[in-house]
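> I have a structure here, written as structure tokens, and I will follow up with some questions on it.
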Amino acid sequence: MAAAEALSNKELSREKLDNEKRRKKKECAILEKVSKHPLQSRWALWFFKNVKSQPWQCNLRLVTTFNTVEDFWSLYTHIQLASKLSSGCDYSLFKDGIEPMWEDSRNKRGGRWLITLSKQQRHNDLDALWLETLLCLVGEAFDEYSEEVCGAVINIRAKGDKIAIWTRETENREAVTHIGRVYKDRLGLSSKVVIGYQAHADTATKSSSLSKNKFVV
Ligand code: MGP
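Per full-length UniProt numbering, the sequence shown starts with residue 1, numbered consecutively.
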């Protein structure tokens, strides 16, 4: 009888301990949530590695999504710097739900502000320009036109790397040019440098070097 009572007391205190642990865990989860700083949008990071035997789409992988400042930095510091990726690779950061391809319904009428870099810039400028591009995106830097932004892509290529911000509608002239001006300014490009905006519909039918600029800033 006494032994049975001792056993049930033991069970009771174990249950109490388990409940306490569960409560603490819940509290920690809530604290973690409230202490993180939310971003306006949820973002998805994609990685592309060129395997020539596979169709283009199959080489594209979703890495992860995030929607807080802290999770952005945690991701950024854990992944390889763009300048250390091998040729043929891309990173893309897009609003969650938009795939980083021309075919997505939010991209197909859009285009991109394209920054083409020289080979030497891989060592000197590339990582800083890409980080600034990411900060423009997650910080919604384009005022009332940030909604027009779909994402950004960095292409690591032997012939010269490229960075671009993709927007959703080439016909929204005011939005596109505002985004271009702010972007150029944020990258600290000299007023002598001209950057161009190309429609995806045009890029999809030509090599990017032959696509004509719809706008320049
Ligand atoms: P790229 O990777 O954007 O540039 O496109 P790269 O390698 O510098 O080549 P260039 O043509 O711009 O000089 C390379 C190829 O990948 C394209 O010609 C397409 O075959 C394919 N590709 C690229 N994108 C962004 C897409 C896309 O959105 N959809 C599809 N279906 N294919 C794409």
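Every residue gets a Cβ at the ideal spot worked out from N, C-alpha and C, and that includes glycine.
Look up residue 47 in the DSSP assignment and say whether it is helix, strand or coil.
Strand.
> Using DSSP bridges, identify the partner residues of residue 65.
Looking at the DSSP assignment, residue 65 forms a beta bridge with 44.
> For residue 155, is the beta carbon positioned less than 7 Å from some heavy atom of the ligand MGP?
Yes; taking the cut-off as 7 Å, the Cβ of residue 155 has a heavy atom of the ligand MGP nearer than that.
> For residue 199, list the residues DSSP reports as bridge partners.
Answer by DSSP bridge pairing, in chain order: 111.
> Would you say the beta carbon of residue 46 is closer than 7 Å to some non-hydrogen atom of the ligand MGP?
Answer for residue 46: no, Cβ out of range of the ligand MGP.
> Could you check if residue 70 belongs to the surroundings of the ligand MGP, using beta carbon to heavy atom distance under 7 Å?
It does not: the Cβ of residue 70 is nowhere closer than 7 Å to a heavy atom of the ligand MGP.
> Whose CA, out of 213, 150, 48, lies closest to the CA of residue 104?
Checking every option, the nearest Cα to that of residue 104 belongs to 150.
> Looking at the ligand MGP, does it come within less than 7 Å of residue 130, judged from the CB to the closest heavy atom?
Because no heavy atom of the ligand MGP lies under 7 Å away, the Cβ of residue 130 does not count as near it: no.
> Quick test of the definition: if touching needs 3 or more C-beta pairs under 8 Å, does the stretch 7-15 touch the stretch 49-58?
Output reads no: the stretch 49-58 does not touch the stretch 7-15.
> Based on the DSSP output, what are the partners of residue 142 in its beta bridges?
Answer by DSSP bridge pairing: none, since residue 142 is not bridged.
> Count the other C-beta atoms from every protein chain shown that fall within 10 angstroms of the C-beta of residue 80, then say buried if there are 16 or more, exposed otherwise.
Exposed: under 16 other Cβ atoms inside 10 Å.
> Looking only at its chain, what residues have a beta carbon closer than 7 Å to the beta carbon of residue 38, apart from the 5 residues adjacent to it on each side?
67, 68.
> Using a Cβ-based criterion (distance less than 7 Å to any ligand heavy atom), does residue 103 qualify as near the ligand MGP?
True, at least one ligand heavy atom lies under 7 Å from that Cβ.
> Quick one, are the C-beta atoms of residue 93 and residue 56 less than 8 Å apart?
The answer is no: Cβ separation not under 8 Å.
> Closest to residue 184 by CA distance: which of 99, 160, 136 is it?
Comparing Cα-Cα distances from residue 184 to each of 99, 160, 136, the minimum goes to 136.
> Would you kindly work out how many angstroms separate the C-alpha atoms of residue 138 and residue 200, rounded to a whole number?
Approximately 23 Å, taken between the alpha carbons.
> In angstroms with no decimal places, state the Cα-to-Cα distance between residue 132 and residue 23.
Distance between the alpha carbons of residue 132 and residue 23: 41 Å.
> Considering residue 90, what are the terminal residues of the alpha helix (DSSP H) in which it resides?
Per DSSP, residue 90 belongs to no alpha helix (DSSP H); it is in the beta strand (DSSP E), 90-95.
> Considering only C-alpha positions, which residue in the set 188, 162, 145, 45 is nearest to residue 178?
If we check each option's Cα against that of residue 178, 145 comes out closest.
> Counting only the same chain and skipping the five closest in sequence on each side, list residues whose C-beta sits under 7 Å from that of residue 122.
Cβ within range, chain order: 83, 161.
> Just to confirm, is the Cβ distance from residue 129 to residue 187 under 8 Å?
Result yes, Cβ atoms of residue 129 and residue 187 sit closer than 8 Å.
> Which word fits residue 166, buried or exposed, when buried means at least 16 other C-beta atoms lie within 10 angstroms of its C-beta?
Buried, since its Cβ has 16 or more Cβ neighbours within 10 Å.
> Indicate whether residue 172 and residue 196 have their beta-carbon atoms separated by less than 8 Å.
Contact: no.
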